[in-house]
Amino acid sequence: MTTLHLKLLVWRQAGPHAAGRFVRYDAPDLSPDMSFLEMLDVVNERLIAQGEEPIAFDHDCREGICGSCGLVINGVAHGPMRGTATCQLHLRSFRSGQEVVIEPWRAKAFPVVRDLIVDRGALDRIIAAGGYISARTGGVPDANAVLVPKDDADAAMDAAACIGCGACVAACPNASASLFAAAKIAHLGLMPQGQPERPERVLRMVTQMDMEGFGNCTNIGECQEACPKLISIDVIARMNRDFLRASMFGGEGRVTGGGEA
Amino acid sequence: MPFGRFWSSTIGKKVVMAVTGIVLVGYILAHVTANLLIFAGAAAIDAYAAKLRTLPLLLWGVRVVLLLSVVLHVVAAAQLAVRARAARPTSYRRFEPQASNATSRTMRWGGVALLLFLIYHILHFTTGQAHPAFVHLAPYHNVTTAFRVWWVAAIYIAAMVALAMHLYHGTWSMFQTLGIAHARVNVARRRLATIIAVLVPLGFVSVPIAVLVGLLR
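Chains as they are written, first to last, in our numbering: chain A, 965 to 1225; chain B, 22 to 238.
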């Protein structure tokens, strides 16, 4: 069996306030069929065997749908495979002997917790600010009682594919969360159920996004390339349109955001 | 929403940049068209300059709108740039752009270069302090004497390269900011941005090049 030998350069940081630094790790005898995270598991087992602290990284489902994992690998959020989360990236995308630089998402709004783990609570607070609909309690309505045009349903589904991993922020030179916020706004705003709060939603979510210290959108499209779900920046134009309309015609009042940054 | 709150949001500032961008692109189209009058001869362009002086309301109205647009455009850009820099306090050791290009990545510094050029350009051809042989209301004389000096022509040609780059991303981007983006219109706005970014700077550089090669004397 052919094996891979990678030369890792990994960001290590003991805690939120500790100074971080890059540490080199030699990673021989790897299988090309391993996922990137399995490779880190192997490296960590070796570190533990040597009595060293393992590399901390976030992960959960490891099947590309939970949004927990996310690393900047050789300068690209989620690594070299397009439309793929870090957990679904495999070592066959790398050459043996290659240097692999591994960094956490870098943004003021995503403080490092430890090593490669960042706190993405800012995204949760953007959701809490307006990423929901009001639903009546009571009996479940008939599935087809509210008609949704097929094109709208498809577009809403494309936006709803967002797993909130934060790769858009990581890849943006301005560390903007526009693609994330816009995906949520488009997903709800395309549905009939999302209409009542539509003006308030965009004003509140954008206000919260700004409060969290994310940068602005410069329409350069790095986010849509990094997005593991390939969400188009067309949703950002839609958010801008909703924001303009709400600023001019409605949504006055409770523009407070969802909580302290 | 009151304008103060609109202006304080990142999207509000971008909308201001987009609207002022439309004003500036609109003006630049008129400017380049008028410049081409120089190929109709000294009489034509000098008469055009004199004609503008008989319409002070139009002249000063346009000047005020342009000044306001430039100020708003630059202030919003500067504030957003400061904010964006603060949004990433630690930079990446390695960062590989996947989608952006040379034009979209140079909007900020390219914009600063264009602002400096704009100041020089006004001192050069409008007020005349930066022009050693300036004659008021004689644009043909002013342009031909200026561009005979190779480095003055070079400054203008370089500035028009910067303008082409700024227009290529800016014209495309302002539609995005104003919410005009859809699979049906995206191809058209890319095409429009390309046409404007190529034709406008070409129209402008045709004058210094024509002077340098002796077509205009």
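By construction, the Cβ of each residue, glycine as well, lies at the ideal position given by its N, Cα and C atoms.
At 8 angstroms on the CB atoms, spell out the chain B contacts of residue i, in chain order.
i, result
"residue 1171 of chain A", "30"
"residue 1198 of chain A", "202, 203, 204 and 207"
"residue 1177 of chain A", "107 and 108"
Is residue i near the ligand GTP, in the sense that its beta carbon is under 7 angstroms from a heavy atom of that ligand?
i, result
"residue 182 of chain B", "Questions concerning the ligand GTP fall outside what the structure shown contains, since it holds no ligand whatsoever."
Using the three-state DSSP reduction, which class does residue i fall into: helix, strand or coil?
i, result
"residue 1111 of chain A", "coil"
"residue 971 of chain A", "strand"
"residue 1178 of chain A", "coil"
"residue 77 of chain B", "helix"
"residue 95 of chain B", "helix"
"residue 989 of chain A", "strand"
"residue 1231 of chain A", "Here chain A has residues from 965 to 1225 only, and residue 1231 of chain A is not among them."
"residue 1054 of chain A", "strand"
"residue 123 of chain B", "helix"
"residue 1194 of chain A", "coil"
"residue 1071 of chain A", "strand"
"residue 201 of chain B", "coil"
"residue 234 of chain B", "coil"
"residue 1078 of chain A", "strand"
"residue 1032 of chain A", "coil"
"residue 112 of chain B", "coil"
"residue 1027 of chain A", "coil"
"residue 1066 of chain A", "strand"
"residue 255 of chain B", "What is shown of chain B runs 22 to 238, which leaves residue 255 of chain B out entirely."
"residue 1142 of chain A", "helix"
"residue 106 of chain B", "helix"
Using the Cα positions of residue i and residue j, report the straight-line distance between them to the nearest angstrom.
i, j, result
"residue 160 of chain B", "residue 50 of chain B", "19 angstroms"
"residue 238 of chain B", "residue 227 of chain B", "14 angstroms"
"residue 24 of chain B", "residue 214 of chain B", "29 angstroms"
"residue 1094 of chain A", "residue 992 of chain A", "48 angstroms"
"residue 1224 of chain A", "residue 1100 of chain A", "Low confidence applies here, because residue 1224 of chain A scores a pLDDT of 48, under 50, leaving its location unreliable; read the following figure in that light. For residue 1224 of chain A and residue 1100 of chain A, the distance between alpha carbons rounds to 28 angstroms."
"residue 1054 of chain A", "residue 86 of chain B", "56 angstroms"
"residue 131 of chain B", "residue 1018 of chain A", "45 angstroms"
"residue 38 of chain B", "residue 223 of chain B", "25 angstroms"
"residue 1161 of chain A", "residue 1115 of chain A", "21 angstroms"
"residue 1109 of chain A", "residue 1117 of chain A", "15 angstroms"
"residue 1028 of chain A", "residue 1091 of chain A", "21 angstroms"
"residue 1006 of chain A", "residue 183 of chain B", "50 angstroms"
"residue 1192 of chain A", "residue 119 of chain B", "14 angstroms"
"residue 1211 of chain A", "residue 27 of chain B", "7 angstroms"
"residue 148 of chain B", "residue 64 of chain B", "21 angstroms"
"residue 1097 of chain A", "residue 1195 of chain A", "22 angstroms"
"residue 1059 of chain A", "residue 968 of chain A", "7 angstroms"
"residue 1102 of chain A", "residue 1158 of chain A", "18 angstroms"
"residue 90 of chain B", "residue 230 of chain B", "30 angstroms"
Interface residues of chain B around residue i at Cβ under 7 angstroms?
i, result
"residue 1226 of chain A", "Outside the shown range of chain A, which is 965 to 1225, sits residue 1226 of chain A, and nothing can be said about it."
"residue 1189 of chain A", "119 and 120"
"residue 1039 of chain A", "113, 115, 116 and 117"
"residue 1118 of chain A", "Those within 7 angstroms of residue 1118 of chain A in chain B number zero; the least Cβ separation is about 12 angstroms."
"residue 1207 of chain A", "32"
"residue 1174 of chain A", "30 and 31"
Let me check understanding here. Comparing Cα to Cα, which of the options lies closest to residue i?
i, options, result
"residue 123 of chain B", "B:27, B:185, B:204 and B:170", "B:185"
"residue 1113 of chain A", "A:1140, A:1156, A:1071 and A:979", "A:1156"
"residue 281 of chain B", "B:57, B:106, B:201 and B:183", "Beyond the ends of chain B as shown, which are 22 and 238, falls residue 281 of chain B; an answer cannot be given."
"residue 206 of chain B", "B:193, B:96 and B:218", "B:193"
"residue 1022 of chain A", "A:1015, A:1004 and A:1012", "A:1004"
"residue 142 of chain B", "B:181, B:115, B:110 and B:128", "B:181"
"residue 30 of chain B", "A:1140, A:978 and A:1186", "A:1140"
"residue 236 of chain B", "B:187, B:59 and B:197", "B:59"
"residue 1171 of chain A", "A:1146, A:1188 and A:1194", "A:1146"
"residue 35 of chain B", "B:145, B:120, B:97 and B:140", "B:97"
"residue 1143 of chain A", "A:1176, A:1182, A:974 and A:1132", "A:1132"
"residue 1148 of chain A", "A:1026, A:1125 and A:1194", "A:1125"
"residue 984 of chain A", "A:1034, A:1033 and A:1020", "A:1020"
"residue 1050 of chain A", "A:1038, A:1060, A:1062 and A:1034", "A:1034"
"residue 1184 of chain A", "B:44, B:107 and B:127", "B:127"
Quick one: list the residues of chain A neighbouring residue i, beta-carbon separation under 7 angstroms, in chain order.
i, result
"residue 189 of chain B", "Per Cβ cutoff of 7 angstroms: no residues; residue 189 of chain B is ~12 angstroms from chain A at best."
"residue 114 of chain B", "986, 1065 and 1067"
"residue 101 of chain B", "1180"
"residue 104 of chain B", "1179 and 1180"
Run down chain B in chain order and give the residues with a C-beta less than 9 angstroms from the C-beta of residue i.
i, result
"residue 1184 of chain A", "118, 120, 121, 122, 125, 126, 128, 190 and 194"
I want to verify the contact list: residues of chain A whose CB lies under 9 angstroms from the CB of residue i, in sequence order.
i, result
"residue 35 of chain B", "1180, 1181, 1182, 1183 and 1204"
Chain A partners of residue i, CB-CB under 8 angstroms?
i, result
"residue 27 of chain B", "1211"
Identify each residue in the region 1126-1140 of chain A for which the Cβ-Cβ distance to at least one residue of chain B is less than 8 angstroms, and report them in chain order. Cβ contacts with chain B: 1135, 1137, 1138, 1139 and 1140.
Taking Cβ-Cβ distances below 7 angstroms as the criterion, which residues of the region 162-191 of chain B are in contact with chain A? Residues: none.
Tell me which residues of the region 1068-1100 of chain A have at least one Cβ-Cβ distance to chain B shorter than 8 angstroms, keeping chain order. Against chain B - using a Cβ distance shorter than 8 angstroms - the residues of the region 1068-1100 of chain A are 1070, 1071, 1072 and 1073.
Closer than 8 angstroms, Cβ to any Cβ of chain A: which residues of the region 45-64 of chain B, in chain order? Here the close residues number zero.
Using a Cβ-Cβ cutoff of 8 angstroms, what residues of the region 220-233 of chain B are near chain A? List them in chain order. Here the close residues number zero.
Mind listing which residues of the region 143-154 of chain B have their C-beta closer than 9 angstroms to chain A's C-betas, in chain order? Listed in sequence order: no entries.
Below 7 angstroms between beta carbons is the criterion; list the residues of the region 997-1019 of chain A that meet it against any residue of chain B, in chain order. So the list is empty, because no residue satisfies the distance condition.
Within 7 angstroms of chain B by C-beta, residues of the region 1029-1060 of chain A in sequence order: Taking a C-beta cut-off of 7 angstroms against chain B, the contacting residues of the region 1029-1060 of chain A are 1036, 1038, 1039 and 1040, listed in chain order.
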